[in-house]
Amino acid sequence: MIAFIERFLHENDVDSIQELEAKEEDDILVLFRGMELQGTVEYGFHGSASKDFGGMQSSKPLAVIRPADREDVAKVIRLASRLEHLTVAARGNGHSVNGQAMAHRGFVVDMKSMDPIIEVGPTGTYADVSGGTLWEEVLKRCVLSHGLAPRSWTDYLGLTVGGTLSNAGVSGQTFIYGPQTENVTELEVVTGKGDVTVCSRSQNSELFFSVLGGLGQFGIITRARVLLQPAPNKVRWIRVVYSEFSEFSRDAELLVTQSEGDSFDYVEGFVFVNSDDPVNGWPSVPLDANHPFDSTRIPRNAGPVLYCLEVALHHTKESDDRRCTVGIRVERLLGQLGFCKDLRFEVDLSYLDFLLRVKRAEEEAKASGIWEAPHPWLNIFVSKRDIADFDRVVFKNILKHGVGGPMLVYPLLRSKWDDRTSIVLPDAEDDIFYIVALLRFYFPYPRGLSVEEMIAQNQEIIKCCNKKGFDIKLYLPYYNSKEGWKKHFGNQWTRFQEKKASFDPKAILAPGQKIFPKNW
Ligand code: FAD
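For the sequence shown, my numbering gives the first residue as 536, with consecutive numbering after it.
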């Protein structure tokens, strides 16, 4: 039996703790040897599984398992269920920002190490994809080999299928197709009991809906059936600027509520600072270096921040041949909008380049060191009722100098989100709500704010929203206390607990979310 008594030791008794940890690792080694995994196990690991994109937390897993298949995943979960304190975290690409994919003194299952499987079905309407596959791999395989593509995306595609399905997966296509969780029809899941189960809307539907947006609490997704559609050839990508939030939100809401096919194929928006600040200000808007931002076009009465509506329209070779149908459609759609005259930016690019647009930012950030800096990101869903006040108190006031990175804000439609999943949205029943994403992306202190200052600013925003009674919910939520989670889930909390008791009764899975302690 493994000795789990280190918690009784005095914190300063470093030698004893190290001895016990070494003993624990030896015991685990013996257990793994008897399991005959097809994949590999690494012990005493301090590499990437101890860190995440947030760069604010670190933890020391007992072992990192690189599974070869779903059976390996099931064996690891069954082993953990036999041992009193052991937990298991599936790690996608570790792009969480608050340690959600970590398991301190537990097992981290590195899902990305499984060979990516991307099999397009015979009808071309779906692809079966392994849970640890990166969305960028899904994109390239489907487009280049089949001329097909998933319908709903995230902005950045260096994320795994299982990782985004455990949250939602949101981008500029969400207003049409719903989040990525709405665009899968079947999942293969290894539950917290170690059972390998196939589920869908009609088969084991309780597990299917629980796992979608389930923060990894109910099972590890080993395969997802992702809906596909014909991929376009090219995309016209356009940005237009507003000085008034009311006009920006009116136009954005108009575009996301048009009937299908009558709007752009992608609608997002962001707030930027009304200054020449290279990161937060005017220079963050143009899409083409040859078309700079002409600040003389900004209305004189503009406030400290401005708004950019970002849209895109797909086009195919066929539509080009029909004498620029795209150009005509773009003018018709833009003609309805009230943006600042002459503050319009556009480029044509391939569909792959459009969907991989954040990859370029990643490469630049890696070269400059910003990628490795801490990222205390804050993502919030805000009800339509409160978004104008949110703009007034948060964007125009607390964040009037920016966050050192994109401040996204754009509307989504509740009717595109199945309320049987585990995702939590604002309470108000209005169909429209907004996503706000504060994506801090700046040089580490002392060039930028310290982590503490950025976290304090996030807390100030949340506190201010609570004080004003704004109807908000965190996206990619993170709480340290049970009370925080109870409040987050609201009247869905009891249901969430029941689902946990049903699919992961020993609370083995995703301990980094800090929702259920083991043996709760
Ligand atoms: P991880 O961080 O590895 O895991 C996240 C959680 O899911 C953990 O609890 C983990 O245990 C669990 N998990 C991982 N794999 C599985 C699995 N196979 N089965 C069950 N549970 C699993 N989100 C958006 O919606 N839209 C965006 O546009 C967007 N852009 C982003 C851009 C960047 C640069 C970054 C860093 C993040 C972005 N995100 C976005 C957030 C992202 O969707 C989440 O952080 C997501 O969880 C990251 O995926 P991952 O594969 O790295 O998951």
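C-beta atoms are modelled at their ideal positions from N, C-alpha and C, and glycine is treated no differently.
Could you name the residues of the same chain whose beta carbon sits closer than 6 Å to that of residue i, not counting the 5 residues immediately before and after it, in chain order?
i, result
"tryptophan 1020", "Tyr1014 and Ile1050"
"alanine 684", "Cys677, Val678 and Ala766"
"proline 946", "Ala787, Glu788, Val791, Ile967 and Tyr969"
"isoleucine 652", "Ser665"
"serine 648", "Arg601"
Note down the Cα distance separating residue i from residue j, rounded to an integer number of angstroms.
i, j, result
"phenylalanine 828", "glutamate 995", "32 Å"
"alanine 759", "leucine 884", "29 Å"
"tyrosine 712", "valine 565", "48 Å"
"valine 576", "arginine 568", "10 Å"
"methionine 942", "leucine 973", "5 Å"
"tryptophan 952", "lysine 901", "35 Å"
"phenylalanine 1038", "isoleucine 755", "11 Å"
"glycine 579", "valine 599", "8 Å"
"alanine 662", "arginine 832", "47 Å"
"proline 657", "proline 909", "44 Å"
"glycine 582", "valine 643", "12 Å"
"valine 814", "leucine 822", "14 Å"
"valine 696", "leucine 669", "6 Å"
"glycine 693", "lysine 894", "8 Å"
"alanine 1045", "glutamate 559", "21 Å"
"glutamate 741", "glycine 939", "41 Å"
"serine 737", "leucine 722", "12 Å"
"glutamate 817", "phenylalanine 976", "The sequence shown places tryptophan at residue 817, not glutamate. For tryptophan 817 and phenylalanine 976, the distance between alpha carbons rounds to 17 Å."
"histidine 620", "alanine 584", "19 Å"
"glutamate 1018", "glycine 1004", "18 Å"
"arginine 626", "proline 714", "21 Å"
Assuming residue i and residue j make a contact with CB atoms under 8 Å, what is their CB distance in whole Å?
i, j, result
"asparagine 628", "glycine 589", "No, asparagine 628 and glycine 589 are not in contact; Cβ-Cβ is about 13 Å, not under 8 Å."
"aspartate 812", "glycine 937", "7 Å"
"threonine 757", "glycine 666", "5 Å"
"phenylalanine 880", "leucine 844", "Actually they are not in contact, since the Cβ atoms of phenylalanine 880 and leucine 844 sit about 11 Å apart, beyond 8 Å."
"proline 602", "glycine 641", "That belief does not hold up - the Cβ atoms of proline 602 and glycine 641 are roughly 15 Å apart, past 8 Å."
"phenylalanine 710", "leucine 948", "5 Å"
"arginine 927", "aspartate 1006", "Their Cβ separation, rounded to whole angstroms, is 16 Å, which puts arginine 927 and aspartate 1006 out of contact at 8 Å."
Within the present structure, is the beta-carbon of residue i separated from the nearest heavy atom of ligand 1 by less than 7 Å?
i, result
"glycine 590", "no"
"phenylalanine 603", "Inspection of the sequence shows that residue 603 is occupied by alanine rather than by phenylalanine. False, no ligand heavy atom lies under 7 Å from that Cβ."
"valine 525", "Only positions 536 to 1055 of the chain appear in this structure, which leaves residue 525 out of reach."
"glutamine 1048", "yes"
"alanine 684", "no"
"aspartate 587", "yes"
"arginine 892", "no"
"arginine 758", "no"
"isoleucine 1007", "no"
"threonine 695", "yes"
"histidine 1023", "no"
"aspartate 966", "no"
"aspartate 1039", "no"
"aspartate 690", "yes"
"arginine 626", "yes"
"leucine 750", "yes"
"asparagine 702", "yes"
"alanine 1071", "Only positions 536 to 1055 of the chain appear in this structure, which leaves residue 1071 out of reach."
"alanine 584", "no"
"glycine 940", "no"
"methionine 989", "no"
Does the Cβ of residue i lie closer than 7 Å to at least one heavy atom of ligand 2?
i, result
"isoleucine 833", "Only ligand 1 can be found as ligands here, which leaves ligand 2 out of the picture."
Should residue i and residue j be called a contact, given that it needs their Cβ atoms to be closer than 8 Å?
i, j, result
"glycine 748", "isoleucine 915", "no"
"lysine 1035", "glutamine 752", "yes"
"threonine 956", "threonine 716", "yes"
"serine 687", "glycine 704", "yes"
"valine 944", "phenylalanine 799", "no"
"serine 781", "alanine 837", "no"
"isoleucine 922", "serine 735", "no"
"serine 616", "lysine 1041", "yes"
"histidine 630", "aspartate 690", "no"
"proline 839", "valine 808", "yes"
"methionine 591", "valine 986", "yes"
Excluding the 5 residues flanking residue i on each side, which residues of the same chain have their C-beta closer than 7 Å to its C-beta?
i, result
"isoleucine 612", "Val623, Val725, Gly727, Gly729 and Ile1043"
"methionine 536", "Here the model assigns methionine 536 a pLDDT of 35, short of 50, so the residue's position is not dependable and the matter cannot be decided."
"glycine 1047", "Ala624, Gly634, Gln635, Ala636, Met637 and Ala638"
"phenylalanine 889", "Val770, Trp772 and Ala847"
"glutamate 654", "Ala662 and Asp663"
"arginine 605", "Glu723, Val725, Val731 and Thr757"
"serine 819", "Phe807"
For residue i and chain B, any beta-carbon pair shorter than 8 Å?
i, result
"glutamine 1027", "In the structure shown, chain B cannot be found, because there is only a single protein chain."
Apart from the five residues just before and just after residue i, which ones in its own chain have a Cβ nearer than 8 Å to its Cβ?
i, result
"asparagine 993", "Pro911, Leu913 and Leu973"
"glutamate 898", "none"
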